[in-house]
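Enquirer: Protein sequences, first through last, are from chains A and B. The first sequence begins at 1 in full-length UniProt numbering and counts up by one. The second sequence begins at 1 in full-length UniProt numbering and counts up by one. We put the beta carbon where it would ideally sit given N, CA and C, even for glycine. Just so you know, these numbers come straight off a predicted model, no measurement behind them.
Number of protein chains: 2
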Amino acid sequence: MLKKERHDFIMRQINLHNRVLTSDLVQLLTVSEDTIRRDLQELVDANLLYKVHGGALSKSYHSSFDDSTVYARDSKIVIAKKAINLIKDGMVVLTGGGTTILELVKQLPQGISATFFTISPLVAVELAKYNNVEVILIGGLFSKNSQVTYGGQVIAQLSEIKADLCLMGTSAIHPEEGLTDTYWEINQLKKAMLACAKRTAVLCISEKLDIALRLRVCPLESISYLITELDINDEALSRYREKELNIL
Amino acid sequence: MLKKERHDFIMRQINLHNRVLTSDLVQLLTVSEDTIRRDLQELVDANLLYKVHGGALSKSYHSSFDDSTVYARDSKIVIAKKAINLIKDGMVVLTGGGTTILELVKQLPQGISATFFTISPLVAVELAKYNNVEVILIGGLFSKNSQVTYGGQVIAQLSEIKADLCLMGTSAIHPEEGLTDTYWEINQLKKAMLACAKRTAVLCISEKLDIALRLRVCPLESISYLITELDINDEALSRYREKELNIL
DNA sequence: AATTTAATTGCAAAAACACGCAAAAACACG
DNA sequence: CGTGTTTTTGCGTGTTTTTGCAATTAAATT
Chain A
1 MLKKERHDFI
11 MRQINLHNRV
21 LTSDLVQLLT
31 VSEDTIRRDL
41 QELVDANLLY
51 KVHGGALSKS
61 YHSSFDDSTV
71 YARDSKIVIA
81 KKAINLIKDG
91 MVVLTGGGTT
101 ILELVKQLPQ
111 GISATFFTIS
121 PLVAVELAKY
131 NNVEVILIGG
141 LFSKNSQVTY
151 GGQVIAQLSE
161 IKADLCLMGT
171 SAIHPEEGLT
181 DTYWEINQLK
191 KAMLACAKRT
201 AVLCISEKLD
211 IALRLRVCPL
221 ESISYLITEL
231 DINDEALSRY
241 REKELNIL
Chain B
1 MLKKERHDFI
11 MRQINLHNRV
21 LTSDLVQLLT
31 VSEDTIRRDL
41 QELVDANLLY
51 KVHGGALSKS
61 YHSSFDDSTV
71 YARDSKIVIA
81 KKAINLIKDG
91 MVVLTGGGTT
101 ILELVKQLPQ
111 GISATFFTIS
121 PLVAVELAKY
131 NNVEVILIGG
141 LFSKNSQVTY
151 GGQVIAQLSE
161 IKADLCLMGT
171 SAIHPEEGLT
181 DTYWEINQLK
191 KAMLACAKRT
201 AVLCISEKLD
211 IALRLRVCPL
221 ESISYLITEL
231 DINDEALSRY
241 REKELNIL
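The following block contains the structure:
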């Protein structure tokens, strides 16, 4: 392998994961540590990355990691970590869009091997960073508000899918009313997603609890898992615990 | 073996594998290292490949390196500005992916009113920022390399579309060979895109000129517009001017 | 503070490279 | 056809680049 190719490989890794470990590169490229160190040093000289003890970081790392713009990011990370346990190798997973799902995808373990269907372009792009993940983007009209595809075509395609697990964000959840939404199209979409998955996990930051909106998606019983950032025994969840669903 | 034959052989190897080792060529062509080096140097002078220690790399293999400062961004903006003139209100436009197209979308005038079909999630997200634009994302398998959807499903959907204009980036263009590509799937995809648009504009930074890769997409005559960052009368375009296509 | 882990430095061998030179082949032209 | 010129090619020599190893230093971990 030519040096230039190694450099390209390293830069691809960096741009993909924002970071890279010297030891990983040694294995992946089967060269000595010294060579990798020299490569990294040369890339630093070319101003293409930061070097740190143990590896290197992307130059855009600081800007991309510090997206404190994402509302309640910490909570979403907690939720993501819980949800990841539901995903097993070989599964077919269907996901919606939204920042919570996106956070989940970013937290996935490197080696994960699964098939993902998604209606969110951003989720698709993020999923594509995992080598052993097959990504199928469900196409259709693209919604400017929710940044997902929707409409008849999407629903038609969903009807042909059989997924093991559906992960969806939520606008509102209520112990009696179940899942609800404001927009007709999104409502239809969620129904279709529920219909094609064996199990559904709803990712929900606590402040969306106990809210009921105009349109009903499904009763609580249709959901398999409710995942919040709260402790399982938290008071706020008591009315949900009485229902037929797992709380994580 | 004649020198020209050796050169052709080397270029075939390069276009096939994106790279070539000096030592391999010495063996394959049974000539001395010096001859190979001279050959490579001449091909570099003719602007047909990159030379690196140990061998040479394809020019088109300009890997998605430094994506913080998108490669040749200035050129791409010039191209974008030219291409935008082709888009009229009310049109149905089909776009591919790639950084050039993405730059074009970012340069669109705010008030633009049109319908866009696209196979690129990133383009879709960017297009969604324009209020009067309807965005339809064509779904299917998502390619980790080229960041577009591809495969049978995409082609099937494309066959149902009738677009006024197709905007596509390019890996390589050649006055005799026309548009060419390295990957089968992408090749099929581009063919399908061409087939469903009345006119096609190819966006191409000048360094991709005069390169022919393994798989043929279409002859030059199938393209309506060739858009580069160069002046229309630039010498480098002379061989394209002779053909049946508009150069912008 | 002790131990493990990663970085740095200098060194040496191998590989790749550049340059000049000369033999051979191809070419030009009266 | 003969002679002079250019092109092409391989070889020898010296230089540079690349790479791994060993010894030392620095950083993190406990």
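Pairing CB atoms from the stretch 206 to 219 of chain A with CB atoms from the stretch 180 to 189 of chain A, are three or more of them under 8 Å?
Expert: At 8 Å Cβ cutoff, the stretches touch.
Enquirer: CA-CA distance, A/Glu-221 and A/Thr-118?
Expert: The sequence position of residue 221 of chain A within the first sequence is 221, counting from 1. The sequence position of residue 118 of chain A within the first sequence is 118, counting from 1. Cα-Cα distance, rounded: 24 Å.
Enquirer: Just to confirm the assignment, what range does the alpha helix (DSSP H) spanning A/Arg-214 have?
Expert: Residue numbering aside, residue 214 of chain A sits at position 214 when the first sequence is read from its first letter. Element bounds for A/Arg-214: n/a, residue is neither H nor E.
Enquirer: DSSP three-state call for A/His-7: helix, strand or coil?
Expert: By 1-based counting over the first sequence, the position of residue 7 of chain A is 7. Here A/His-7 sits in helix by DSSP.
Enquirer: Please look up how many angstroms separate the CB atoms of B/Ile-79 and B/Ile-211, rounded, as I've assumed it's under 8 Å.
Expert: Position 79 of the second sequence, counted from the start, is the residue given in the question as residue 79 of chain B. Position 211 of the second sequence, counted from the start, is the residue given in the question as residue 211 of chain B. Contact flag wrong, Cβ pair sits at about 17 Å.
Enquirer: For B/Asn-4, tell me which candidate among B/Arg-38, B/Pro-109 and B/Val-92 has the shortest Cα-Cα distance.
Expert: Position 4 of the second sequence, counted from the first residue, corresponds to residue 4 of chain B. Per the sequence presented here, residue 4 of chain B reads as Lys, with Asn not at that position. Out of B/Arg-38, B/Pro-109 and B/Val-92, B/Arg-38 has the C-alpha closest to the C-alpha of B/Lys-4.
Enquirer: Tell me A/Asp-181's beta-bridge partners as DSSP assigns them.
Expert: Position 181 of the first sequence holds residue 181 of chain A. A/Asp-181 is bridged to A/Leu-215.
Enquirer: CA-CA distance, B/Lys-76 and B/Gln-107?
Expert: Mapped onto the second sequence, residue 76 of chain B falls at position 76. Mapped onto the second sequence, residue 107 of chain B falls at position 107. Distance between the alpha carbons of B/Lys-76 and B/Gln-107 is about 10 Å.
Enquirer: Output the distance between the C-alpha atoms of A/Lys-59 and B/Ser-159, rounded to the nearest integer angstrom.
Expert: Locating residue 59 of chain A in the first sequence gives position 59, where the first residue counts as 1. Locating residue 159 of chain B in the second sequence gives position 159, where the first residue counts as 1. Each residue's alpha carbon lies about 42 Å from the other.
Enquirer: Per DSSP, B/Val-20 forms a beta bridge with which residues?
Expert: Position 20 of the second sequence holds residue 20 of chain B. Answer is B/Ala-56.
Enquirer: Could you pull the start and end residues of the alpha helix (DSSP H) that A/Val-44 belongs to?
Expert: Stepping through the first sequence from its first residue, residue 44 of chain A is reached at position 44. Element bounds for A/Val-44: 33 to 45.
Enquirer: Which of the three DSSP states, helix, strand or coil, is assigned to B/Ala-124?
Expert: Here residue 124 of chain B refers to the residue found at position 124 of the second sequence. Helix.
Enquirer: Residues of chain B with a CB under 8 Å from the CB of A/Pro-121: which are they?
Expert: Locating residue 121 of chain A in the first sequence gives position 121, counting from the first residue. Near A/Pro-121 (Cβ distances below 8 Å), the residues of chain B are Pro-121, Leu-122, Ala-124, Val-125 and Leu-137.
Enquirer: What are the boundary residues of the beta strand (DSSP E) that includes A/Tyr-225?
Expert: To locate residue 225 of chain A, count along the first sequence from 1; it is residue 225. Its beta strand (DSSP E) spans residues 225 to 227.
Enquirer: If contacts are defined as beta-carbon pairs under 8 Å, then A/Ala-195 and A/Tyr-225 qualify, I think. What distance do you get, rounded to the angstrom?
Expert: Residue 195 of chain A sits at position 195 when you count from the first residue of the first sequence. Residue 225 of chain A sits at position 225 when you count from the first residue of the first sequence. Rounded, the Cβ-Cβ distance is 17 Å, inconsistent with contact.
Enquirer: DSSP three-state call for A/Met-193: helix, strand or coil?
Expert: Translated into positions along the first sequence, residue 193 of chain A becomes position 193. Of the three classes helix, strand and coil, the one that applies to A/Met-193 here is helix, per DSSP.
Enquirer: For a contact meaning CB atoms closer than 8 Å, what does B/Val-52 contact in chain A?
Expert: Stepping through the second sequence from its first residue, residue 52 of chain B is reached at position 52. Near B/Val-52 (Cβ distances below 8 Å), the residues of chain A are Leu-2, Lys-3 and Lys-4.
Enquirer: What does a CB cutoff of less than 8 Å around B/Leu-245 pick up in its chain, not counting 5 residues either side in sequence?
Expert: On the second sequence, position 245 is the one that residue 245 of chain B refers to. Only Leu-220, Glu-221, Ile-223, Ser-224, Tyr-225 and Leu-226 meet the Cβ criterion.
Enquirer: Can you tell me whether DSSP reads A/Val-133 as helix, strand or coil?
Expert: Here the question's residue 133 of chain A lines up with position 133 in the first sequence. If DSSP states are grouped into helix, strand and coil, A/Val-133 belongs with the strands.
Enquirer: Mind the definition here: the stretch 82 to 100 of chain A touches the stretch 159 to 173 of chain A only if three or more C-beta pairs lie below 8 Å; say whether that holds.
Expert: The answer is yes - the stretch 159 to 173 of chain A touches the stretch 82 to 100 of chain A, with three or more Cβ pairs under 8 Å.
Enquirer: What does B/Gln-110 touch in chain A if you count any residue whose Cβ is under 7 Å from its own?
Expert: Sequence index remark: in the second sequence, residue 110 of chain B carries index 110 (1-based). What B/Gln-110 touches in chain A: nothing, since even the nearest Cβ is about 14 Å away.
Enquirer: Find out if the Cβ-Cβ distance for the pair A/Gly-139, B/Gly-139 is shorter than 8 Å.
Expert: Counting from one through the first sequence, the residue named residue 139 of chain A turns up at place 139. Counting from one through the second sequence, the residue named residue 139 of chain B turns up at place 139. Taking 8 Å as the Cβ cut-off, A/Gly-139 and B/Gly-139 qualify as a contacting pair.
Enquirer: Determine, for A/Lys-144, whether the minimum Cβ-Cβ distance to residues of chain B falls below 8 Å.
Expert: Locating residue 144 of chain A in the first sequence gives position 144, where the first residue counts as 1. For A/Lys-144, the answer is yes, since a Cβ of chain B falls inside 8 Å of its Cβ.
Enquirer: Check distances from the C-beta atoms of the stretch 153 to 167 of chain B to those of chain A and list, in chain order, the residues that come in under 9 Å.
Expert: Here the close residues are Gln-153, Val-154 and Gln-157.
Enquirer: Which whole-angstrom value describes the C-beta separation of B/Leu-141 and B/Gly-151, a residue pair presumed to lie in contact below a C-beta threshold of 8 Å?
Expert: The residue labelled residue 141 of chain B in the question sits at position 141 within the second sequence. The residue labelled residue 151 of chain B in the question sits at position 151 within the second sequence. Sure, about 4 Å apart at Cβ, within 8 Å.
Enquirer: Does the Cβ-Cβ distance between B/Tyr-130 and B/Ile-112 come in under 8 Å?
Expert: For the purposes of this step, residue 130 of chain B is taken as residue 130 along the second sequence, with counting starting at 1. For the purposes of this step, residue 112 of chain B is taken as residue 112 along the second sequence, with counting starting at 1. The answer is yes: Cβ separation under 8 Å.
Enquirer: Mapping the DSSP letters down to three states, classify B/Tyr-61 as helix, strand or coil.
Expert: Position 61 of the second sequence holds residue 61 of chain B. Three-state DSSP puts B/Tyr-61 in coil, outside helix and strand.
Enquirer: Helix, strand or coil for B/Asp-89 per DSSP?
Expert: On the second sequence, position 89 is the one that residue 89 of chain B refers to. Residue state, collapsed to three classes: coil.
Enquirer: The beta strand (DSSP E) that contains B/Leu-141, what's its start and end?
Expert: Residue numbering aside, residue 141 of chain B sits at position 141 when the second sequence is read from its first letter. Unbroken beta strand (DSSP E) run through B/Leu-141: 140 to 142.
Enquirer: Compile a chain-ordered list of the residues in the stretch 202 to 231 of chain A whose CB is closer than 7 Å to at least one CB of chain B.
Expert: The stretch 202 to 231 of chain A vs chain B, Cβ under 7 Å: nothing.
Enquirer: To the nearest whole angstrom, what separates the beta carbons of A/Ala-236 and A/Leu-209, a pair I think is in contact under 8 Å?
Expert: Walking along the first sequence from the start, residue 236 of chain A turns up at place 236. Walking along the first sequence from the start, residue 209 of chain A turns up at place 209. Yes, they are in contact, since the Cβ atoms of A/Ala-236 and A/Leu-209 sit about 6 Å apart, within 8 Å.
Enquirer: Find out if the Cβ-Cβ distance for the pair A/Met-11, A/Leu-57 is shorter than 8 Å.
Expert: Taking the first residue of the first sequence as position 1, residue 11 of chain A is located at position 11. Taking the first residue of the first sequence as position 1, residue 57 of chain A is located at position 57. Going by C-beta atoms, A/Met-11 is not nearer than 8 Å to A/Leu-57.
Enquirer: Straight-line CA distance for B/Thr-115 to B/Ile-161?
Expert: As a working note, residue 115 of chain B is residue 115 in the second sequence. As a working note, residue 161 of chain B is residue 161 in the second sequence. Roughly 12 Å separates the two Cα atoms.
Enquirer: Helix, strand or coil for B/Val-202 per DSSP?
Expert: Taking the first residue of the second sequence as position 1, residue 202 of chain B is located at position 202. Strand at B/Val-202.
Enquirer: Is A/Val-105 close to chain B, meaning its C-beta is less than 8 Å from at least one C-beta of that chain?
Expert: Along the first sequence, one-based indexing puts residue 105 of chain A at 105. Taking Cβ atoms only, chain B never reaches closer than 8 Å to A/Val-105, which makes this a no.
Enquirer: Closer than 8 Å by beta-carbon distance: list the chain A residues that pair up with B/Leu-245, in chain order.
Expert: The residue you call residue 245 of chain B lines up with position 245 of the second sequence. The premise fails here: B/Leu-245 is roughly 30 Å from chain A at the closest Cβ pair, so nothing lies under 8 Å.
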